[in-house]
Amino acid sequence: MKTTIASLLLAGAVSLMAMQAAAADKVTLQLKWVTQAQFAGYYVAKDKGFYEEEGLDVEIKPGGPDIAPPQVLVGGGADVIVDWMPSALATREKGVPLVNIAQPFKSSGMMLTCLKETGITKPEDFKGKTLGVWFFGNEYPFLSWMAHLGIKTDGSPDGVTVLKQGFNVDPLLQKQAACISTMTYNEYWQVIDAGIKAEDLVTFKYEDEGVATLEDGLYVLEDKLKDQAFKDKMVKFVRASMKGWKWAEENPDDAAGIVLDNDASGAQTEKHQKRMMGEVAKLTAGSNGALDEADYKRTVATLLGGGSDPVITKEPEGAFTHEITDAALK
């Protein structure tokens, strides 16, 4: 008799768990890049059960050099994506109605890292030099900055030659470029790890140069926001994600460990991820997830101010909403 009751209780518990799993709302997140501490908040939220507490079953899809998050979104392969605002606004102007629903990153981590031996000490010294630039939507902040400086990117003597940089630091190491694109939390440290000393480098942070644009926001397709059930899912997703981000800020080493546990490629190292998480925490600090309109306006102004070749040609309309974060932060 005892065995029968135990069996029934066990079967009931299994059945309840199955029902709860079936009831969980599925959300697919497409990352902008590979599994790394840049996205720690999402991996933490999943690992710590923050998504589960909200009744969500979240799949996190890593990105890569051949993956364009907006294309994945349009193709139905994701519900929400991580993208940089310059890329998202340029994509929106081209007809893909991306909408920013949350902004976990408050500051920009983008910079140009130059070899001191090239004689570059200030942005005006870029003229006549070769600069490594990422493309696939990452070129927009750079092009906008050059436009602000009045420096052409056509390879002319008074301009700069743009080297299409792969997602590595080889052009600097091999001295094919005077400067390359780096993130404070990633490629800069790859240069250091390659044996170049910090004192032999000169860095120009977009944040310090007054041309910083917003990075790593959460975007969905505009039409989806007409569906109340979808909006409810996104409220839960953003709330749990920001809980994950704040936990990661407070526990950077543990967050780096969670990221490593989720790195199926095995390419990441503990040293690099801990260092990356420490730097990323500086960029998410000060954000509760809600987009700051002043930051948005600064980004738009920077992108519009490109002279004859601006990143976007007109003021965007409907490119962000506070509706999701207003509900998530209650």
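Here my numbering is used: the first residue of the sequence shown is 90, the next is one more, and so on.
Ideal placement from N, C-alpha and C gives every residue a C-beta, glycine not left out.
Mind checking who residue i pairs with in its DSSP beta bridge?
i, result
"GLN192", "GLY378"
"GLY221", "LEU252"
"THR423", "Not covered by the structure: residue 423. The range shown for the chain is 90 to 419."
"LYS294", "MET200"
"SER270", "LEU201"
"ASP172", "GLY306"
"PHE409", "ASN189"
Taking residue i and residue j to be in contact with their CB atoms under 8 Å, please state how far apart those CB atoms are, rounded to whole angstroms.
i, j, result
"TYR308", "ILE170", "5 Å"
"VAL188", "LEU314", "6 Å"
"LEU145", "LYS325", "6 Å"
"ILE149", "LEU178", "Between LEU178 and ILE149 the Cβ distance is about 24 Å, and since that is not below 8 Å, they are no contact."
"LYS363", "ALA345", "4 Å"
"GLY217", "PRO175", "Not confirmed; about 26 Å, so no contact."
"VAL123", "ASP168", "That pair is no contact at about 20 Å."
"LYS419", "ASP114", "Actually they do not touch by this definition, with Cβ atoms about 19 Å apart."
Cβ of residue i within 8 Å of Cβ of residue j?
i, j, result
"VAL389", "SER233", "no"
"VAL280", "VAL258", "yes"
"VAL327", "ILE413", "yes"
"MET378", "ALA191", "With the sequence shown as reference, residue 378 is identified as Gly, and Met is not the correct amino acid for it. Yes, they are a contact pair."
"ALA329", "GLU143", "yes"
"THR219", "ALA283", "no"
"GLU339", "GLY407", "no"
"GLY367", "PRO341", "yes"
"GLY355", "ASP172", "no"
"ALA337", "ALA370", "yes"
"PRO212", "LEU238", "yes"
"PRO154", "PHE256", "yes"
"MET365", "ALA112", "no"
Spatial neighbours of residue i within its chain, please: CB distance less than 6 Å, with the 5 preceding and 5 following residues excluded, ordered by chain position.
i, result
"GLN109", "Bear in mind that a pLDDT of 49 at GLN109, under 50, signals an unreliable position, so the model cannot answer this."
"GLU228", "VAL222"
"PHE128", "LEU120"
"GLN265", "none"
Identify the continuous alpha helix (DSSP H) that holds residue i and give its terminal residues.
i, result
"GLY130", "129-136"
"GLY367", "359-373"
"ILE281", "276-282"
"ILE285", "Note, ILE285: premise wrong, no alpha helix (DSSP H); not H, not E."
"LEU232", "229-238"
"LYS320", "317-339"
"LEU314", "Unbroken run through LEU314: none, as it is neither H nor E."
"GLN160", "158-163"
"ASP259", "259-262"
"GLU141", "139-142"
Tell me which residues share the same chain as residue i and place their Cβ nearer than 8 Å to its Cβ, disregarding the 5 neighbours each side in the sequence.
i, result
"THR292", "MET200, LEU201, THR202, CYS203, THR271 and TYR277"
"SER197", "PRO230, LYS294, TYR295, GLU296, ALA301, THR302, LEU303, GLU304 and LEU372"
"ASP37", "Here the chain covers residues 90 to 419 and nothing more, so residue 37 does not appear."
"LEU205", "Here residue 205 turns out to be Lys, not Leu, going by the sequence shown. Excluding positions up to five away in sequence, the list reads GLU288, ASP289, LEU290 and VAL291."
"ILE209", "CYS203, PHE215, LYS218, ALA267, CYS268 and VAL291"
"HIS411", "ALA379 and LEU380"
"ASP384", "GLN192, LYS195 and LEU303"
Short of 7 Å in beta carbon distance, which residues of its chain neighbour residue i, apart from the five on each side in sequence? Order them along the chain.
i, result
"PHE225", "ALA157"
"TRP334", "GLY130, PRO193 and THR373"
"LYS332", "ALA134 and PHE139"
"VAL185", "PRO159 and VAL163"
"ALA416", "VAL324"
"VAL161", "GLN119, ALA167 and ILE170"
Would residue i count as contacting chain D if we go by Cβ distances under 8 Å?
i, result
"MET199", "The structure shown contains no chain D; it is built from a single protein chain."
Just to confirm the assignment, what range does the beta strand (DSSP E) spanning residue i have?
i, result
"ILE209", "Here ILE209 belongs to no beta strand (DSSP E), and DSSP marks it neither H nor E."
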